[in-house]
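Enquirer:
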Amino acid sequence: MWCDMEKDTSIIVRGIGKRYKIGAFQERQDTLRDLIVSQVQNIGNVFRKGGGKSKKEEIWALRDVSFDVKQGQALGIIGRNGAGKSTLLKILSRVTDPTEGYGELRGRVGSLLEVGTGFHPELTGRENIFLNGAILGMQKREIEARFDEIVDFSEVEKFIDTPVKRYSSGMYLRLAFAVAAHLEPEILVVDEVLAVGDADFQRKCLGKMGDVADSGRTVLFVSHNMSAIQRLTQESIVLDKGKVLMRAPSAEAVDFYLNRGLSKLGERFWEEDEVPANSAPFRPLAIRIIDKEGHISDSVRSVDPITIEIEYELTEEITGLRVGYYLFTTRGEAVFTSFDIDSEALFREYTSRPAGVYSSRCVIPAHTLNEGRFVLGVNASSYRIKRYFQDDQALSFSVDASGAAGTQWPEPRPGAVRPALEWTIEERGRS
Amino acid sequence: MAESKLLSSTQVVTIKPAKGWLGIDLQELWHYRELIYFLTWRDIKVRYKQAALGIAWAILQPVLTTLITSIVFGYLLNVDTGNLPYPVFTLAALLPWHLFQLSLQKSSISLVGNANLITKIYFPRLIIPLSSVLAVLVDFAISLVILFIAMAIYRMPLSWNALWLVPLTLLTVLAALAVGLWLSALNVQYRDIQQMVPFLLQIWMYATPIVYPITIIPEGTIRYLYSLNPMVGVVQGFRWALFGGAPPDMTLLFSSIAVVVLLVSGLFFFRRMEKTFADVV
């Protein structure tokens, strides 16, 4: 061991990197036949090109990541999708090995990469508490000692001897989180587990997470929810393309992340083979979220207007075409639906669209959406004639509510929208 | 609780790239013994929960197979089993065979079946095929009772030799685990394995003296090669422990050597592949 750990350091990470072979990732050889075919091709390549250049490309999901976490500190990790956050957590919780680098974790590590890991639908709530607890690394006597607490927290007492396959998704989540929340490791690694459940439940989870952070345990916390990051962590690191861009007090890190357009990937392209053949003559090209500054962004602020742009190509003229989107929460609740020719004027103007490339843009006014993650579904159809294309999960994005109505109180607010409404208060005389 | 905290606060987990061949960390496996127990218990519980006949399948399977082989090989083909009644002769072999067969079926798909655990939580991966093999022991225990009942019906006494069933069962489990380690690790990468297992088992069954006596295999070199099949030693051992006769010394020795070779190589292969499971599965 070449690094001496300070007494109060809980996690130490030095030059951690993880390399994936794209070949092994995308063109995975799932069957022996594929393996044999590819080997034969490789041999063929040797003869053809002389050099036998391998087609496999490598990608570093993480590179040269170093940081320390002091005992009792809660560190946030933020970055857009694909920045390497999940890979980092997987390495720290030892699910996968790093390709290079070194790390030390002092104390028992509990990782919550997903609530309900190992839950079995056929088993009862009681049985699943024990099974899941054991999977998360609890000893049987620990689970027994905390059993009542767990059941209490989950609020599913009446159904504790019912197979969990009969649970509603809310009950299932509550039970799963309850087990996880009662895990008491010295180091807790948490990935986005708060993005589930209803607002009430999220509030409860956040409270519990706050307790964990306050109780002197070390917490690593990954989330797209910038408010939760700011509430639960003192410091955060910003990851981008597998590298640590900055480490700063969380408020500063969040600001940096939201304003530098780092929260990219608020964009989705459709490759030719992703589009069903019967979509023709409509062909979707891209959908993107654009922030106030005109940057494509995966994280936008509630206090700014949000632009949604859908780009598509018509290979032939279409009559009565309407292109639009559904907005859902990640729990699948519809927030609203909107089409590009909703307005009377555009409806009259675009009775028919000739072949060509188009973009339909829509602005969601500032102060509309509440914090959280949203999912956009795309629909292109001619009413009562044909639905050309539909993708219910075309793109997702996060809304940060910092500065929105009522954020002077740091509590989560139920509801998908957060309008800044006009209130008046009148004093009707004094008693 | 206070005690466990004190212990674990000194526990330091090191993270670094795994290189080359790794040994088996028995201490860690022992530390995770409760997880082995819970996963085994889950497998047993889940297997019979949705089946209308439940645990009765553990009785029906050997009884029905015995019936079929008794009719085909005992009655129609009139296979020579010495002075043993054919149903008892075949049932004594079918018991360890079913243990082996079911263990292998379960363990070969165990890693893929538990992909959600492997990609989310760390624990020694060895626990997965191990617990799926252990779960099958319950079926075995039940079917053993059937055998004893059948022997009672034919008025065949048990001798102290029957105690040999314990190490012989262990040998069966180890044999299944050994092959299961190879197949489960390979199945993570190549899903062909799970298609191949039924055929492999079918061939394997006919390469084991279950429906026929070992005496039809020529003695000498061929018999020794034949005994490299671990199940040959096990089956002959079972028959000897239950019915007496000449002890299967050399057969059992060869079979045991084969198990040890398969198991050690399987463990090393598994450990080597282990680090890629979460990325590939």
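Going down the list, the sequences are from chains X and R. If you number the first sequence the way this note's numbering does, the last residue is 431 and the count never jumps. If you number the second sequence the way this note's numbering does, the last residue is 281 and the count never jumps. Glycine included, each C-beta is placed from N, C-alpha and C at the ideal position.
Whole angstroms is fine: what's the gap from R/Val136's alpha carbon to R/Leu95's?
Expert: C-alpha separation (whole angstroms): 12 Å.
Enquirer: To the nearest angstrom, how far is it from the Cα of R/Thr158 to the Cα of R/Leu242?
Expert: Here residue 158 of chain R turns out to be Leu, not Thr, going by the sequence shown. Answer to the nearest angstrom: the Cα atoms are 6 Å apart.
Enquirer: Please report the straight-line C-alpha distance between X/Gly170 and R/Phe254, rounded to a whole angstrom.
Expert: Distance between the alpha carbons of X/Gly170 and R/Phe254 is about 57 Å.
Enquirer: Please confirm whether R/Pro17 has its beta-carbon closer than 7 Å to some beta-carbon of chain X.
Expert: Answer yes: the Cβ-Cβ gap between R/Pro17 and chain X drops below 7 Å somewhere.
Enquirer: Just checking: is the beta-carbon of X/Ile135 within a distance shorter than 7 Å of some beta-carbon in chain R?
Expert: Closer than 7 Å to some Cβ of chain R, the Cβ of X/Ile135 qualifies, so yes.
Enquirer: To test your reading of the DSSP string, which unbroken alpha helix (DSSP H) runs of 4 or more residues are found completely within the region 93-169 of chain X?
Expert: Listed in chain order, the complete alpha helix (DSSP H) runs (minimum 4 residues) inside the region 93-169 of chain X are 125-135 and 140-154.
Enquirer: Buried or exposed, going by whether 16 or more other CB atoms sit within 10 Å of the CB of X/Arg430?
Expert: It counts as exposed.
Enquirer: For X/Arg301, count the other beta carbons within 10 Å of its own beta carbon; 16 or more makes it buried, fewer makes it exposed. Which is it?
Expert: Buried, since its Cβ has 16 or more Cβ neighbours within 10 Å.
Enquirer: Please name the residues in the region 105-131 of chain R whose beta-carbon is closer than 9 Å to at least one beta-carbon of chain X, in chain order.
Expert: Flagged, chain order: Asn114, Asn116, Leu117, Ile118, Thr119, Lys120, Ile121, Tyr122 and Phe123.
Enquirer: Going by beta carbon distance, what residues of the same chain come within less than 7 Å of X/Val375, once the five residues before and after it are set aside?
Expert: The answer, listed in chain order, is Phe328, Thr330, Gln393 and Ser396.
Enquirer: Give the single residue among X/Pro365, X/Val323 and X/Thr368 whose Cα lies nearest to the Cα of X/Arg387.
Expert: Comparing Cα positions, the closest option is X/Val323.
Enquirer: Using a Cβ-Cβ cut-off of 7 Å (strictly less than) and excluding sequence neighbours within five positions of R/Glu274, which residues of its own chain qualify?
Expert: Excluding positions up to five away in sequence, the list reads Arg125.
Enquirer: Can you say whether X/Ser66 is buried or exposed, counting buried as having 16 or more other CB atoms within 10 angstroms of its CB?
Expert: The residue is exposed, with fewer than 16 neighbouring Cβ atoms inside 10 Å.
Enquirer: Are the CB atoms of X/Asn370 and X/Gly415 nearer to each other than 7 Å?
Expert: Yes, they are a contact pair.
Enquirer: Is the shortest distance between the beta-carbon of R/Val12 and the beta-carbons of chain X less than 7 Å?
Expert: Yes, R/Val12 counts as interfacial toward chain X.
Enquirer: Assign X/Thr117 to buried or exposed, taking buried as 16 or more other Cβ atoms, counted over all protein chains shown, within 10 Å of its Cβ.
Expert: So X/Thr117 ends up on the buried side.
Enquirer: Going by the beta-carbon positions, is the gap between X/Ser168 and X/Gln71 smaller than 7 Å?
Expert: It is not a contact, given that the beta carbons lie outside the stated cut-off.
Enquirer: Look at the alpha carbon of R/Leu147 and the alpha carbon of R/Asp249, and state the distance between them as a whole number of angstroms.
Expert: Roughly 24 Å separates the two Cα atoms.
Enquirer: Taking 8 Å as the cut-off, does the region 246-258 of chain X touch the region 348-361 of chain X (at least 3 CB pairs, one atom from each stretch)?
Expert: The region 348-361 of chain X is not in contact with the region 246-258 of chain X.
Enquirer: Could you check where the beta strand (DSSP E) with X/Lys21 kicks off and where it finishes?
Expert: That run of the beta strand (DSSP E) goes Thr9 to Lys21.
Enquirer: Look up X/Val275 in the DSSP assignment and say whether it is helix, strand or coil.
Expert: Coil.
Enquirer: Is X/Leu321 closer than 7 Å to X/Pro281 when the C-beta atoms are compared?
Expert: No, the Cβ-Cβ distance between X/Pro281 and X/Leu321 is not below 7 Å.
Enquirer: Roughly how many angstroms separate the alpha carbons of X/Ala75 and X/Arg231, rounded to a whole number?
Expert: Here residue 75 of chain X turns out to be Leu, not Ala, going by the sequence shown. In a straight line, the C-alpha of X/Leu75 is about 11 Å away from that of X/Arg231.
Enquirer: Residues in its own chain within less than 6 Å of R/Ser4 by CB, not counting five upstream and five downstream?
Expert: Here the model assigns R/Ser4 a pLDDT of 38, short of 50, so the residue's position is not dependable and the matter cannot be decided.
Enquirer: Determine, for R/Ala293, whether the minimum Cβ-Cβ distance to residues of chain X falls below 7 Å.
Expert: The requested residue 293 of chain R does not occur in the structure, where chain R is confined to residues 1 to 281.
Enquirer: Strictly below 7 Å CB to CB, what residues from chain X border R/Arg33?
Expert: None at all; the shortest Cβ gap to chain X is about 10 Å.
Enquirer: What residue from R/Pro129, R/Ile149 and R/Ile118 has the CA that sits closest to X/Leu136's CA?
Expert: The option with the nearest alpha carbon to X/Leu136 is R/Ile118.
Enquirer: Any beta-carbon of chain X closer than 7 Å to the one on R/Val188?
Expert: No, its Cβ sits nowhere closer than 7 Å to a Cβ of chain X.
Enquirer: Once DSSP output is grouped into helix, strand and coil, what is the label at R/Pro17?
Expert: Coil at R/Pro17, not helix or strand.
Enquirer: Go through its chain and collect everything with a Cβ distance to X/Ile341's Cβ below 6 Å, but skip five positions before and after it.
Expert: Cβ neighbours of X/Ile341 beyond the five flanking positions: Arg322, Phe347 and Tyr350.
Enquirer: Using the beta-carbon of each residue, which ones in chain R are nearer than 7 Å to X/His182?
Expert: Residues of chain R passing the Cβ test: none, with the nearest at roughly 12 Å.
Enquirer: Would you check if there are 3 or more beta carbon pairs closer than 8 Å linking the region 39-53 of chain R to the region 118-134 of chain X?
Expert: Touching, yes, given that three or more Cβ pairs across the two stretches are closer than 8 Å.
Enquirer: For X/Gln390, which beta-bridge partners are listed by DSSP?
Expert: Looking at the DSSP assignment, X/Gln390 forms a beta bridge with X/Asn379.
Enquirer: By the DSSP assignment, the beta strand (DSSP E) with X/Val335 in it spans what residues?
Expert: Counting along the chain, the beta strand (DSSP E) containing X/Val335 begins and ends at Ala334 to Phe339.
Enquirer: Look up X/Asp191 in the DSSP assignment and give the residues it is bridged to.
Expert: BP columns for X/Asp191 point to X/Val222.
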